[in-house]
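Per the UniProt record's numbering, the very first residue in the sequence shown carries number 1; after that it's consecutive. The C-beta atom is built at its ideal place from N, Cα and C for all residues, glycine as well. Treat the numbers as computed from the prediction; the structure is a model and nothing was measured. Presented below is the structure to which this report refers.
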Amino acid sequence: MIIFRHRKGCLITVLLCITIFVLHTGHTGQLFSKSLVDLAKIALRLLGGKIFPSHCACIKCMTQPDDDLWFQKRFITSIKPFLTRENKKLNEDTRAWWRKLQDDHITATFSEVVEKLFQVIPDADLYMDADPERCRTCAVVGNSGNLKGSHYGALIDSNVIIIRMNMAPTFSYEEDVGSRTTHQVMYPESAIDLDNTTRFLLIPFKTLDLQWLPGAITNGSNITYSYLPLRPKIKANKDLVLVLNPAFMKYVHEVWLDYQGKYPSTGFMALLLAVNVYGFGKDKDGHWHHYLEALTNKWLKTGIHDGNYEYKVVMKLSEKFKLQIY
């Protein structure tokens, strides 16, 4: 739901945190000790709340069964968020939907392109393991101007998984946005250099993105232009690269957004991977802009994404205690 210089889906990142990391993460508010979590669960039992076998050590686990039909109808765990060799064959509907996102005219076979990709990056189905002894918290940090003066830095850094997007800096903004990053969501047009411990999470909007990646993280790519100039090489640990599954992107658009907008924003897709959400939406004066830049256009909108509808979904998730919005 934040505005990006190259507007790609904000909402997908949010839904990512709910769907993958949130699969086996949960709410702790601050990071409660296990004893406090156990006490909270006992208190809930005494108050008559339903107690199911615990999927995690958090007070609330996102995969825990409940009576919320609205959420359960949309929370489909069979659609894996990350691309692997196992799910590299897209069905015809998914392939057609994905190719329309940015008028993809490349004729290369998708599965062959992906196979070349996995000769460079790991083929791993991560974060799908549950553990009743573990509480894995996840925050997705947007770029909204509402982070200015928030003093959320320490709270953001207390999460186990911290997802940031595109070119968002932390240097000199640490007090408000934190300093740690475990996952950086990018696409080729927004790619920046990463340290050796941060995961590069690529959101592919076209076949060219997948063809660019192997060279860009090794010896240099010969693909240097899409609709904008591309960096032929970036610093990133190739063993820590993840690629979003196009089938997951389509699922977010259809199931969570009811086909609103051309496709989900990057932030919304990331948000579905998280339980704690920072820096999304308008600032306190109702303006859309980034914390890293001065407000120059008070009438800036959300482009090809239906920002209003995305916001309604995010607020619905918050009302149902699936997300904590700061």
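When the Cα atoms are used, residue 263 and residue 307 turn out to be separated by approximately 11 Å.
With fewer than 16 other Cβ atoms from the protein chains shown falling within 10 Å of its own Cβ, residue 151 counts as exposed. Counting along the chain, no beta strand (DSSP E) covers residue 269; the unbroken alpha helix (DSSP H) around it starts and ends at 266-271. By the Cβ rule, the stretch 75-88 does not count as touching the stretch 215-234, because fewer than three pairs are nearer than 8 Å.
Residue 184: member of the beta strand (DSSP E) spanning 183-186, first to last residue. Here residue 318 is exposed, its C-beta having fewer than 16 other C-beta atoms within 10 Å. Here the C-alpha atom of residue 231 lies approximately 8 Å from the C-alpha atom of residue 189.
The three-state reading of DSSP puts residue 249 in helix, counting H, G and I together. Rounded to whole angstroms, the separation of the alpha carbons of residue 270 and residue 115 is 25 Å. Under the three-pair Cβ rule at 8 Å, the stretch 248-259 does not count as touching the stretch 118-132. Take the alpha-carbon of residue 176 and the one of residue 153: they are about 5 Å apart.
Residue 82 sits buried, since 16 or more C-beta atoms from the chains shown fall within 10 Å of its C-beta.
Distances from the alpha-carbon of residue 206 to those of 156, 97, 131, 104 put 104 closest. The three-state secondary structure of residue 179, taken from DSSP, is coil.
Non-local beta-carbon contacts of residue 174 in its own chain, meaning distances under 7 Å to residues more than five positions away in sequence, involve 153 in chain order. Non-local beta-carbon contacts of residue 212 in its own chain, meaning distances under 7 Å to residues more than five positions away in sequence, involve 188, 221, 223, 230 in chain order. Residue environment analysis places residue 166 among the buried positions, since at least 16 neighbouring C-beta atoms fall within 10 angstroms of its C-beta. In the three-state scheme derived from DSSP, where H, G and I count as helix and E and B as strand, residue 61 is classed as strand. With fewer than 16 neighbouring CB atoms inside 10 Å of its own CB, residue 315 falls in the exposed class.
Going by DSSP, residue 200 is part of the beta strand (DSSP E) stretching over 199-202.
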